[in-house]
Every structure is written in structure tokens, then in C-alpha cells.
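All the letters of the sequence shown, read from the start, carry residue numbers 1 to 316 under the UniProt record's numbering.
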Amino acid sequence: MLQLELLPYFMAVVDAGSLNQASKSLNLSQPALSRKIAKLEEMLGVTLFERAGKRLKITEVGKLTYSYAQELSRLEKQFLQSITTYQPHIHKELYVGASLTTLPSTLPDLIRYFTEDSARYDLKALTGKTHEVIHMVKEQQVDFGIVASRIQEDELVCIPLFEDHLALVLPKKHALGRELSVSIQTLHDLSMILFAKGSWYRVLTDELLLKHQVRPLIKMEIDSFEAIIRLIALNGYASLLPQSYLRPATLKDNGLVQVEVAELKEMTRTTSLIYRKDTVFHPEVESRLQSAVRFFHLMKQDAPGQPLMHSLIDPN
1 MLQLELLPYF
11 MAVVDAGSLN
21 QASKSLNLSQ
31 PALSRKIAKL
41 EEMLGVTLFE
51 RAGKRLKITE
61 VGKLTYSYAQ
71 ELSRLEKQFL
81 QSITTYQPHI
91 HKELYVGASL
101 TTLPSTLPDL
111 IRYFTEDSAR
121 YDLKALTGKT
131 HEVIHMVKEQ
141 QVDFGIVASR
151 IQEDELVCIP
161 LFEDHLALVL
171 PKKHALGREL
181 SVSIQTLHDL
191 SMILFAKGSW
201 YRVLTDELLL
211 KHQVRPLIKM
221 EIDSFEAIIR
231 LIALNGYASL
241 LPQSYLRPAT
251 LKDNGLVQVE
261 VAELKEMTRT
271 TSLIYRKDTV
281 FHPEVESRLQ
291 SAVRFFHLMK
301 QDAPGQPLMH
311 SLIDPN
């Protein structure tokens, strides 16, 4: 009999493009993941991947299997949503802890998966610094957390969502506004607005500038993403903002452009979902979290950075 619990592992490998990348996103060793894929192939009696050294190429029957796995996932979500009307006892109040750097983009996208239909989960957000969110999760003050870091704690599960890096943003009318790419040395003596000291993005900025011996003219130091966006548009300054925050509409609505700086990709940070290992989510909650994680993976395929994906399955 087919063990359906093996399908999320298979889908994770297809989504990630390699066993190595999938094993990292699943918090699972590569040999363990390989055994699960081999077991699925044995049960199905087919070859899902053609192996050429470290490279994997999905076979035609693998594509068929992936298509059916997606459909099964969709049907599961639909089924769980359908039976909620018969389960009035389900607790629909959820608490999420969010580090400050995840508030502008990651948290709203996650909340959408709990408020977009008739289920209407009452999702309450508690914010704080990364170590504060970790404490909230450990002490069960929240059901799960979103942090801009990879967390290695024995009692926690950490699911990487995507890699983020800084990007150079400035007004279209800026002297560099027509450039497709520039060297990080271009930032020397450039009038800029930076994040306030103490934030992770400011730490990352200072490390990059120090590494390349670049000293911009710092005009303002602000701790608000929205305020920085408005001020660089108003004053004609440049800024370094997290790639995950720079949606096309954000740039367009404020008359801004992003200019490629290759050196900015040297340092990245992972945004992750965390929860206690002993947490038992209701199947519908788990399904919605799976959908949200998949959304982040697919969304980041169209943006700079290294997308990661993880299904809420046995982390060990």
C-alpha cells in the first residue's frame, strides 16, 4: 500500500531541484531523504528521478506522480476546509510571534492563509526581537513564530522559508537611476538613509560596508521600512533595504528603482518559521501552514535569493 506520507518528501525534492537543497530545507540528512525517495520508488515500482552524479532529473512518471501529489494536497486542504462546519469545537484562535524585521512583508503574507476564506481564524500577532520571539515559542505564549534567522534549538523545529539580502534602492530621477548595476564602491560618499543602529539589517549593512571599505554619507538613520521608502523618494537619497520587502508595486508607487549590486548578495539571512517540537497542530492549521510555506518558496523563485521549502512533516 502506498504510504502517502512519503509524497511531501518527494515534492520537496522536486521543488528544491536537488536532494542537497531539499534536505537542508527539511532539516533532514541527505541519506535519510534519499532512503525515503528510494522507498517511494520501490513502492510505486517506478523510477522517479534519473541520477547523473549529484544531479537529478525528474522522469515522465515522476512528473505524473508530482501532479497527482499536488492534487492530493489540494484535495486534503479542500476536505479539511469542508468539515470545519461540522467541528464547532475547533479552537480558531492562533497566536504568532513575529520579529520586527518580518512585519512589513512576511507576516502579512502568512496571515492571509488564515483569513482568506470562511474559516476566519482569529490570528493574533505578538512582536519582538528574535530572542524574544524564541522565548515566546518556548514558553508557549504563541503557537509558532516568524524570525529572520536560522534557529538551532533542541526543543524547536526551524523551517527555512527564504534567503534574504540587502538591495540598493533609489529614486528613478537619481543620478544612478538609469544604471542596471553598479559596484559597491559606488556607495562611497553616496547620500543614504540607513536603518537605525541595533537592527539586524543595520548590522548586516555595517559589515558589508566595512568589508569593502565603503563610507557613504549617512543623512538619516530610521527604524521603519515605510518611513525610509517615503524619505528616499522625498529627499532623493539612496538606501539599502531587504530584498523581500521590495515588491514591484512598492517601487512603482513611490517612483523608486532597484539597482543591482553584486556584492550585496555576499551576506544573506534566512527567514524561518519556528514552533515547538511537541506542538500538535490541528490538521487544518497544518495544511494552511504548508500552503503558506509553499507560497514563500514559489514566490521567491521569481526574486533574487535562494528559495527554500519545507513541509510540516516529521522533522527528525
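Don't be surprised by glycine CBs; every beta carbon is placed ideally from N, CA and C.
Of the residues TYR275, GLU221, ARG35 and ILE218, which one's Cα is nearest the Cα of GLN152?
-> Per the Cα distances, TYR275.
In angstroms with no decimal places, state the Cα-to-Cα distance between LYS124 and GLU93.
-> Taking the straight line from one Cα to the other gives about 8 Å.
Taking Cβ positions, are GLY97 and LEU126 nearer each other than 9 Å?
-> Yes, Cβ-Cβ distance for GLY97 and LEU126 is below 9 Å.
In whole angstroms, what separates the C-alpha of ARG230 from that of ILE222?
-> Those two C-alpha atoms are separated by around 11 Å.
In this structure, does DSSP put GLN141 in helix, strand or coil?
-> Here GLN141 sits in coil by DSSP.
Tell me whether HIS131 is buried or exposed, calling it buried when 16 or more other Cβ atoms sit within 10 Å of its Cβ.
-> Residue environment: HIS131 is assigned as exposed (fewer than 16 neighbouring CB atoms within 10 Å of its CB, all protein chains considered).
With a CB to CB cut of under 7 Å and the five nearest residues on each side skipped, what residues in its chain are close to LEU103?
-> Taken in chain order, the residues that qualify are THR127.
Proximity winner among LEU180, ASP109 and GLU284, relative to ILE146 (alpha-carbon distances) | For ILE146, the nearest C-alpha among the options comes from ASP109.
Cβ-based burial, PRO216 [other Cβ within 10 Å; buried from 16] = Answer is buried; the Cβ neighbour count reaches 16.
Three-state secondary structure (DSSP) of ASP278 | Correct three-state label for ASP278: coil.
Who are the near neighbours of LEU190 in its chain, counting only those whose CB is closer than 6 Å to its CB and skipping five residues on each side?
-> Excluding five sequence positions before and after LEU190, the CB atoms of its chain that fall closer than 6 Å to its own CB belong to PRO216 and ALA238, given in chain order.
Spatially closest choice to ASP253 from ILE232, VAL14 and LEU33, by CA coordinates | Considering only alpha carbons, the answer is ILE232.
Determine the direct distance from the alpha carbon of ILE193 to that of VAL280, and round the result to whole angstroms.
-> Between the alpha carbons of VAL280 and ILE193 lies a gap of roughly 44 Å.
Please confirm whether PHE162 and SER244 have their CB atoms less than 9 Å apart.
-> In this structure, SER244 lies closer than 9 Å to PHE162 by Cβ.
Measure from the alpha carbon of HIS165 to the alpha carbon of each residue in LEU107, ALA262, ALA249 and LEU256, then state which is nearest.
-> For the residues LEU107, ALA262, ALA249 and LEU256, the minimum Cα distance to HIS165 belongs to ALA262.
Within the same chain, show all residues whose beta-carbon is closer than 6 Å to that of ALA303, passing over the 5 residues directly before and after it, in chain order.
-> For ALA303, the predicted model reports a pLDDT of 44, less than 50, meaning its position is unreliable; a value from the coordinates is still stated below. Here the set comprises nothing.
So does the segment 200-220 actually touch the segment 282-290, counting three or more Cβ pairs closer than 8 Å?
-> With a cut-off of 8 Å, the segment 282-290 and the segment 200-220 do not count as touching, because too few Cβ pairs lie within range.
Helix, strand or coil: which one does DSSP assign to LYS172?
-> If DSSP states are grouped into helix, strand and coil, LYS172 belongs with coil.
Spatial distance of ILE218 from ILE184 (CA atoms) | Approximately 15 Å, taken between the alpha carbons.
If you drop the 5 nearest sequence neighbours on each side, which residues of the same chain put their C-beta closer than 7 Å to that of GLU155?
-> Once the five neighbours on either side are set aside, the close Cβ partners of GLU155 are LYS138, ARG276 and LYS277.
Taking only the alpha-carbon atoms, compute the straight-line gap between ALA175 and HIS188 and give it to the nearest angstrom.
-> Roughly 14 Å between the two C-alpha positions.
Using a Cβ-Cβ cut-off of 6 Å (strictly less than) and excluding sequence neighbours within five positions of LEU7, which residues of its own chain qualify?
-> Taken in chain order, the residues that qualify are ALA69.
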